[in-house]
Amino acid sequence: MSSIKVIVSKNSNYIYHMLSVSKCGYDNSYGKKYRKYHDELEINILKKHERYITVCGGEHCGELYAICISMPASFDDDILKEYFLALLDLFKNENLELNFKKYKNIYELSFSSLDINYTSHKEFYLSLLHLKSEIIEISQVMINNYNTYIKYVWNDAKNEINIKVNELNKVISKVKYAKMWEKELGYKFKHENFHVVLCNSIENGPQGINISSNKNIFYITDDNILMSKFISHEFGIYLLVDILFNMDSFNMFSHYQLLESLAEYYNELICGGCKYFNEFSEYIDFYRTLQQNNTSISPKEMFLNAIKYYNIDAEN
Numbered sequence: 001m002s003s004i005k006v007i008v009s010k011n012s013n014y015i016y017h018m019l020s021v022s023k024c025g026y027d028n029s030y031g032k033k034y035r036k037y038h039d040e041l042e043i044n045i046l047k048k049h050e051r052y053i054t055v056c057g058g059e060h061c062g063e064l065y066a067i068c069i070s071m072p073a074s075f076d077d078d079i080l081k082e083y084f085l086a087l088l089d090l091f092k093n094e095n096l097e098l099n100f101k102k103y104k105n106i107y108e109l110s111f112s113s114l115d116i117n118y119t120s121h122k123e124f125y126l127s128l129l130h131l132k133s134e135i136i137e138i139s140q141v142m143i144n145n146y147n148t149y150i151k152y153v154w155n156d157a158k159n160e161i162n163i164k165v166n167e168l169n170k171v172i173s174k175v176k177y178a179k180m181w182e183k184e185l186g187y188k189f190k191h192e193n194f195h196v197v198l199c200n201s202i203e204n205g206p207q208g209i210n211i212s213s214n215k216n217i218f219y220i221t222d223d224n225i226l227m228s229k230f231i232s233h234e235f236g237i238y239l240l241v242d243i244l245f246n247m248d249s250f251n252m253f254s255h256y257q258l259l260e261s262l263a264e265y266y267n268e269l270i271c272g273g274c275k276y277f278n279e280f281s282e283y284i285d286f287y288r289t290l291q292q293n294n295t296s297i298s299p300k301e302m303f304l305n306a307i308k309y310y311n312i313d314a315e316n
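Here the UniProt record's numbering is used: the first residue of the sequence shown is 1, the next is one more, and so on.
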């Protein structure tokens with residue numbers, strides 16, 4: 001049986017700290033507080049490349065968001081700085097063989113779900129060659145500012161976040177949302193744990209941010225019950241994406257609102273729902289009516305009915 005675990009991550013908090021101080025995607029009091037520790041020129045470099053390294057649910061996902069933001073943010077191992085050194089060396093020196101030999105272990109840890117060999121390494125390089133200068137500049141900034149974050153920010157951030165981690169884990173351990181979702185949908189989560197990664201820097205930014213197949217980023221708020229219901233919703237999203245993924249008609253961007261609404265419909269059954277999704281009430285009511293008329297209807301059938309009714313085609 002899968003479990004939901006709330007955790008603190010140095011890698012995640014560093015990455016989103018840098019987005020906050022550079023005002024990439026959002027601005028807040030956190031960024032204003034810590035901006036003074038960083039070189040203005042380097043912060044401006046990230047801001048210049050904002051469209052490549054930011055995400056907005058259902059609207060935009062930057063072309064470098066995966067390799068420069070979500071992937072390093074998801075690392076369990078303490079390899080973030082070495083990862084960016086590997087990218088910098090690869091695209092700056094352009095010696096693929098030497099780079100692969102030198103950083104093979106880092107690539108294996110970074111892309112742990114993939115078969116890492118020289119052929120795949122070359123394909124990776126060629127697929128991103130058109131963004132060579134952007135990758136070099138972003139990687140250099142991430143390398144240059146890492147020690148500054150550790151020296152001036154991380155210890156206080158870790159202590160603050162750990163307080164909320166302990167509070168939320170106590171709440172979530174009592175309600176067993178993962179078990180309830182799996183029973184409701186008749187589908188098992190692929191991983192042993194779903195990790196809720198808390199960040200203290202993303203106020204006003206996207207929430208419930210997917211950074212891996214079992215990790216999601218959340219901002220810290222005072223209301224633990226509301227947070228737990230939001231976490232429940234996001235766990236449901238992961239299950240529904242797995243269920244719907246192989247459908248030809250499914251597209252994460254085109255069908256963002258329908259997917260979020262389906263998750264929130266089930267979330268209402270499981271925990272009473274989360275007020276963050278009130279704007280999708282029309283779609284949620286549609287799903288509710290579907291199930292009232294056919295209590296055995298599957299999540300996939302409900303989703304297909306919604307696509308047909310609202311005439312929302314997948315956009316490739």
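Ideal Cβ positions, reconstructed from N, Cα and C, are used throughout, including at glycine.
From the listed residues Cys68, Ile53, Ile67, the smallest Cα separation to Cys61 is found for Ile53. Counting every other CB atom within 10 Å of its CB across the protein chains shown gives Glu123 a total below 16, marking it as exposed.
Under the DSSP assignment, Asn117 falls outside any beta strand (DSSP E); it carries neither an H nor an E label. Between Ser29 and Lys47 the beta-carbon gap is near 18 Å, outside 8 Å, which marks them as no contact. Ala263 and Ile4 have their C-alpha atoms spaced approximately 17 Å apart.
Residue burial annotation: Phe245 is exposed, with fewer than 16 other C-beta atoms found within 10 angstroms of its C-beta. In the three-state reduction of the DSSP assignment, Tyr187 falls in the coil class, being assigned neither a helical nor a strand state.
Counting other Cβ atoms within 10 Å of its Cβ, Cys199 reaches 16 or more and is therefore classed as buried.
The beta strand (DSSP E) runs lying completely inside the segment 190-244 and spanning 3 residues or more are 193-199, 209-212, 215-219, given in chain order.
Judged by beta-carbon spacing, Tyr16 lies within the 8 Å limit of Ala73, meaning their Cβ atoms are closer than that value.
For a cut-off of 8 Å, the C-beta gap from Glu260 to Phe277 is around 6 Å, short enough to register as a contact.
Annotation for Glu203: Asn28, Tyr219 place their beta carbon closer than 6 Å to its own, counting only its chain and skipping 5 residues before and after. Nearest in C-alpha terms to Asn155, of all of Ile312, Ile307, Lys300, Tyr14, is Tyr14. Going by beta carbons, Glu42 and Val153 fall outside the 8 Å limit.
By the neighbour-count criterion, in which 16 or more other beta carbons inside 10 Å mark a residue as buried, Gly272 falls on the exposed side.
Counted as a single uninterrupted DSSP element, the beta strand (DSSP E) harbouring Lys5 occupies residues 3-8. In this structure Asn267 is buried. Its beta-carbon is surrounded by 16 or more other beta-carbon atoms within 10 angstroms. Scanning its chain for C-beta atoms nearer than 6 Å, with the 5 sequence neighbours on each side dropped, one finds around Ile116 the residues Tyr107, Glu108, in chain order. Looking at the DSSP output, His17 shares a beta bridge with no other residue. Separation of Ser120 and Ala306 (C-alpha to C-alpha, rounded to the nearest whole angstrom) is 39 Å. Nearest to Lys188 by alpha-carbon distance, out of Lys179, Val196, His195, is Lys179.
Unbroken alpha helix (DSSP H) runs of no fewer than 4 residues, entirely contained in the segment 79-139, are found at 80-93, 96-110, 118-127, following chain order. Nearest C-alpha to Ser133 among Leu64, Val197, Leu240, Leu114: Leu64. Taking the Cα positions, Ile217 is about 10 Å away from Val6.
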